[in-house]
Amino acid sequence: MTRSELYEALDYVNHSRKKRTQMAGLVIDHPRLVAPLMDIAFTLDDPVSSKACWVLEFTAREKLSHIFPHLDVFVEKVGQVQLQSSVRPMAKICELLMLCYCSKERQDCRKALQKTHLEAIAAACFDWLIGDHKVAAKAYSMTSLYLLGTEFDWIHPELRLVLEQNYAGGSAAYKARARHTLAQLENK
Numbered sequence: 011m012t013r014s015e016l017y018e019a020l021d022y023v024n025h026s027r028k029k030r031t032q033m034a035g036l037v038i039d040h041p042r043l044v045a046p047l048m049d050i051a052f053t054l055d056d057p058v059s060s061k062a063c064w065v066l067e068f069t070a071r072e073k074l075s076h077i078f079p080h081l082d083v084f085v086e087k088v089g090q091v092q093l094q095s096s097v098r099p100m101a102k103i104c105e106l107l108m109l110c111y112c113s114k115e116r117q118d119c120r121k122a123l124q125k126t127h128l129e130a131i132a133a134a135c136f137d138w139l140i141g142d143h144k145v146a147a148k149a150y151s152m153t154s155l156y157l158l159g160t161e162f163d164w165i166h167p168e169l170r171l172v173l174e175q176n177y178a179g180g181s182a183a184y185k186a187r188a189r190h191t192l193a194q195l196e197n198k
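When you line the sequence shown up against the numbering used here, it's residues 11 to 198, in that order.
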């Protein structure tokens, strides 16, 4: 499947779990499609890019290791994503990467993710947490940043500060997740 064929196929993907799962299955079965999928996902002003982000998220949920060969591209461009419907799946992929990285069973993540990757993910997550984004992206960013704080000493104090400053103006869901994250920081 060429990039243009993949682009056309993505145009038929919608919000339904079934369509996203079908397309992710195709990518999982053909890992060479991850590179063109990322290329489409990072085409910033194109609505189809959001569909590519959804499929990339579903791919990462099922086969995170397919992302590893493309981490340099992912971390270089993830912070540039602007469309709200693209930010949430990208934040989720960052959370999946951090959960994997901190897992004792998944040494492949520790080998794949370099310090520069972690720093780029931290920067993107702080941008999403501080920026005008929906609560899901912020929640995923909180988890990622909490986990990244085990690698970088400066992250936990900054995360605490951001959460405390934005708590009063946050939605009920934001406040719930912030309370949970602040409690984790206190117990650390």
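Backbone N, C-alpha and C define an ideal beta-carbon position, used for all residues, glycine too.
Predicted model only: the values in this text are computed from it and were never measured.
Anticipated Cβ contact below 8 angstroms, residue i with residue j, distance rounded
| i | j | result |
| --- | --- | --- |
| Phe-84 | Met-48 | 7 angstroms |
| Thr-12 | Val-37 | Not a contact, Cβ separation roughly 14 angstroms. |
| Leu-20 | Met-33 | 7 angstroms |
| Val-58 | Arg-30 | With 8 angstroms as the limit, Val-58 and Arg-30 do not qualify as a contact, their Cβ atoms being about 13 angstroms apart. |
| Glu-67 | Lys-102 | 5 angstroms |
| Gly-89 | Ala-133 | 6 angstroms |
Cβ-based neighbour list, residue i, same chain, cut-off 7 angstroms, excluding 5 preceding and 5 following
| i | result |
| --- | --- |
| Cys-110 | Leu-74, Arg-116, Cys-119 |
| Ile-140 | Val-172 |
| Leu-106 | Ala-70, Arg-71, Leu-74 |
| Met-100 | Cys-63, Val-88, Val-91 |
Residue i versus the options, residue with shortest Cα-Cα distance
| i | options | result |
| --- | --- | --- |
| Met-108 | Arg-170, Tyr-150, Ser-26, Tyr-17 | Tyr-150 |
| Gln-92 | Trp-164, Ser-113, Ala-147 | Ala-147 |
| Asn-24 | Leu-43, Lys-61, Leu-192, Ile-50 | Lys-61 |
| Asn-197 | His-166, Ala-130, Asp-56 | His-166 |
| Met-152 | Leu-128, Ile-50, Glu-18, Arg-187 | Arg-187 |
| Asp-8 | Asp-56, Ile-50, His-76, Glu-18 | For residue 8 there is no data in the structure shown, the boundaries of the chain being 11 and 198. |
| Glu-129 | Lys-185, Lys-114, Asp-142, Trp-164 | Trp-164 |
| Gly-159 | Ala-178, Gly-35, Lys-121, Lys-125 | Lys-125 |
Residue i, DSSP secondary structure in three states
| i | result |
| --- | --- |
| Ala-178 | coil |
| Tyr-22 | coil |
| Leu-173 | helix |
| Ser-113 | coil |
| Leu-93 | coil |
| Glu-67 | helix |
| Asp-163 | coil |
| Gln-124 | coil |
| Leu-106 | helix |
| Thr-12 | coil |
| Asp-118 | helix |
| Thr-53 | coil |
| Lys-140 | According to the sequence provided, residue 140 is Ile. The question's Lys does not apply to it. Ile-140: helix per DSSP, three-state reduction. |
| His-190 | helix |
| Lys-198 | coil |
| Lys-29 | helix |
CB of residue i within 8 angstroms of CB of residue j, strictly
| i | j | result |
| --- | --- | --- |
| Pro-46 | Leu-16 | yes |
| Lys-87 | Phe-52 | yes |
| Ser-26 | Cys-63 | no |
| Cys-104 | Ser-154 | yes |
| Leu-123 | Leu-81 | yes |
| Lys-144 | Gln-94 | yes |
Cβ shell of residue i (< 8 angstroms), same chain only, five flanking positions each side left out
| i | result |
| --- | --- |
| Gln-194 | Tyr-156 |
Proximal residues to residue i (C-beta, below 6 angstroms), its chain only, five neighbours per side dropped
| i | result |
| --- | --- |
| Leu-192 | Leu-173 |
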